[in-house]
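A.B. asks:
Protein chains: 2
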Amino acid sequence: MRLTTKGRYAVTAMLDLAIHSDRGPISLADISQRQEISLSYLEQLFAKLRKNALVNSVRGPGGGYKLQRDSEAIFIAEIIDAVNESVDTTKCRGAGDCQGGETCLTHYLWEDLSEQIHGFLQNISLADLVARNEVKRIAENQDRKQSLVADDVDLKVLADGQIPATTL
Amino acid sequence: MRLTTKGRYAVTAMLDLAIHSDRGPISLADISQRQEISLSYLEQLFAKLRKNALVNSVRGPGGGYKLQRDSEAIFIAEIIDAVNESVDTTKCRGAGDCQGGETCLTHYLWEDLSEQIHGFLQNISLADLVARNEVKRIAENQDRKQSLVADDVDLKVLADGQIPATTL
DNA sequence: TAGATAACCAAGCAAAACAGTCAAGTATTG
DNA sequence: CAATACTTGACTGTTTTGCTTGGTTATCTA
């Protein structure tokens, strides 16, 4: 599980796609303009997103990309994994390599932590983020009190921070 | 919030420190051997960890590094932030830059997500990772340099990837 | 059918980050 | 004082990022 700006770009682009999903296929040029990501870089990212069955492409005029599943069924971890092509290179693969065992020990601990992070991001869908977006926009346009309430809810969810025992 | 092998190395090294905290100062050479991280790379990492008040150094013979706080009070997010020196360069800093507003929206969403990940890792302490019964037992076994057979058994448990849900 | 559109593809490139080396220091202990 | 062990800084090679250029295909529309 890596987390770099590359994954950030991918998530941002996918969010843009989710937000405008009602408009039919969205061209990369549109996303490029809105999100200020270079077109060719988007092309590279979407090639990977497509290979990982996250988006569908429609060629020709009026074409573009669509989410392959509902935004409720696409999770952040998938997107990040898709563009990072995570080839997790743990030095000590398998039990045979480590004589001292200590290497295995902390490696294992890290792997575990990495899995937890992954599980965490696997529980956040694009729809979750879009829903927030709309809450935020509505709040900005209309009432401040609503915004505060929504923020409170979010923060509570955040502060919870509990790792679901199921992931372990 | 970035998450790369660099942060992984740092967390691994800090874990090693936490595990052997009862032995007094731990030299980087020891960590280097156990965790298979180059000494000079460790030096760079620990320079940053020291600047961020996560470790203390003891110079001279028998010297090394110690955790500056209890392992219960050192959180994964701190370690990763320390070595990554996160200067998050969001393109649209402040609201003024974005005409369409959409850029701001998704940037905001990402920031929010990033904060969530950060908050998540801020809730996991070094002690949390170390204080798993099995792991602790394995560590003790390794320290005592028990028979190879025992090691094999332990390693098999490790490779299994099962963690008792009770730990977190 | 011609042409516009936009996905697809490949090669390459500059800058940054990563991972590590090397060498000359400085502080501490025995 | 000498050995140990951290400190500092400069330097190097590799990989990843983010992007450019220059195409080719597929598809829609006039």
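Quick mapping for you: the protein sequence lines, in order, are chains A and B.
For the first sequence, the positions run 2 to 169 when my numbering is used.
For the second sequence, the positions run 2 to 169 when my numbering is used.
Heads up, the beta-carbon is just placed ideally off N, CA and C, and yes, glycines get one too.
If you're wondering where the values come from, they're calculated on a predicted model, not measured in any experiment.
Whose C-beta lies closer than 8 Å to the C-beta of residue 79 (chain B) among residues of the same chain, with five residues either side of it excluded?
C.D. replies: Answer for residue 79 (chain B): 53, 55, 123, listed in chain order.
A.B. asks: Does DSSP put residue 168 (chain A) in a helix, in a strand, or in coil?
C.D. replies: Reliability fails at residue 168 (chain A), whose pLDDT of 25 lies under 50, so the model's placement of it is uncertain and the value that follows must be treated cautiously. DSSP places residue 168 (chain A) in helix when its eight states are reduced to three.
A.B. asks: Which residue marks the beginning of the beta strand (DSSP E) containing residue 68 (chain A), and which one marks its end?
C.D. replies: 65–68 is the span of the beta strand (DSSP E), which, as asked, contains residue 68 (chain A).
A.B. asks: Could you compute how far the alpha carbon of residue 63 (chain A) sits from the alpha carbon of residue 18 (chain A)?
C.D. replies: Whole-angstrom Cα-Cα distance: 15 Å.
A.B. asks: Using DSSP with H/G/I as helix, E/B as strand and the rest coil, what is residue 27 (chain B)?
C.D. replies: Strand at residue 27 (chain B).
A.B. asks: What residues of chain B sit near residue 133 (chain A), judged by a beta carbon separation below 8 Å?
C.D. replies: Neighbours of residue 133 (chain A) on chain B, chain order: 110, 113.
A.B. asks: If I'm right that residue 84 (chain B) touches residue 25 (chain B) with Cβ under 8 Å, what's the distance once you round it to whole angstroms?
C.D. replies: With 8 Å as the limit, residue 84 (chain B) and residue 25 (chain B) do not qualify as a contact, their Cβ atoms being about 24 Å apart.
A.B. asks: What is the DSSP secondary structure of residue 39 (chain A), reduced to helix, strand or coil?
C.D. replies: Here residue 39 (chain A) sits in coil by DSSP.
A.B. asks: Give a yes or no on whether the minimum CB-CB distance between residue 148 (chain A) and chain B is below 8 Å.
C.D. replies: Confidence at residue 148 (chain A) is low in this model, with a pLDDT of 30, below 50, so its placement is unreliable and the value that follows should be read with caution. Cβ-Cβ to chain B under 8 Å: no for residue 148 (chain A).
A.B. asks: Beta-carbon within less than 7 Å of residue 14 (chain B)'s beta-carbon, same chain only, minus the 5 sequence neighbours each way: which residues are those?
C.D. replies: Cβ within range, chain order: 32, 36, 38, 43, 46.
A.B. asks: Tell me which same chain residues have a C-beta within less than 8 Å of the C-beta of residue 65 (chain B), skipping the five on either side of it?
C.D. replies: So the qualifying residues of the chain are 25, 26, 27, 28, 29, 31, 58, 59.
A.B. asks: What's the call for residue 71 (chain B), buried or exposed, on a 16-neighbour Cβ count within 10 Å?
C.D. replies: So residue 71 (chain B) counts as exposed.
A.B. asks: Is there a C-beta anywhere in chain B that falls below 8 Å from the one on residue 121 (chain A)?
C.D. replies: Yes, because at least one Cβ of chain B sits closer than 8 Å to the Cβ of residue 121 (chain A).
A.B. asks: What separation, rounded to the nearest whole angstrom, lies between the Cα atoms of residue 130 (chain A) and residue 61 (chain A)?
C.D. replies: Taking the straight line joining both Cα atoms gives about 30 Å.
A.B. asks: Could you give the DSSP three-state label for residue 127 (chain A): helix, strand or coil?
C.D. replies: Helix at residue 127 (chain A).
A.B. asks: What separation, rounded to the nearest whole angstrom, lies between the Cα atoms of residue 11 (chain A) and residue 120 (chain B)?
C.D. replies: Between residue 11 (chain A) and residue 120 (chain B), the C-alpha separation is close to 22 Å.
A.B. asks: Please name the residue in A:49, A:74, A:69, A:109 whose C-alpha comes closest to that of residue 86 (chain A).
C.D. replies: Out of A:49, A:74, A:69, A:109, A:49 has the C-alpha closest to the C-alpha of residue 86 (chain A).
A.B. asks: Compute the Euclidean distance between the alpha carbons of residue 77 (chain A) and residue 128 (chain A), then round it to the nearest angstrom.
C.D. replies: Looking at the two C-alpha atoms, the distance is approximately 10 Å.
A.B. asks: Closer than 8 Å, Cβ to Cβ, to anything on chain B: give me those residues from the segment 7–18 of chain A, in chain order.
C.D. replies: If the cut-off is 8 Å between Cβ atoms, the segment 7–18 of chain A has 9, 12, 13, 16, 17 near chain B.
A.B. asks: Roughly how far, in whole angstroms, is the beta-carbon of residue 41 (chain A) from the beta-carbon of residue 75 (chain A), given that I think they are within contact range, below 8 Å?
C.D. replies: So it is not a contact: roughly 24 Å between Cβ atoms.
A.B. asks: The segment 67–82 of chain A: which residues have C-beta closer than 8 Å to a C-beta of chain B, in chain order?
C.D. replies: Hits within the stretch, in order: 77.
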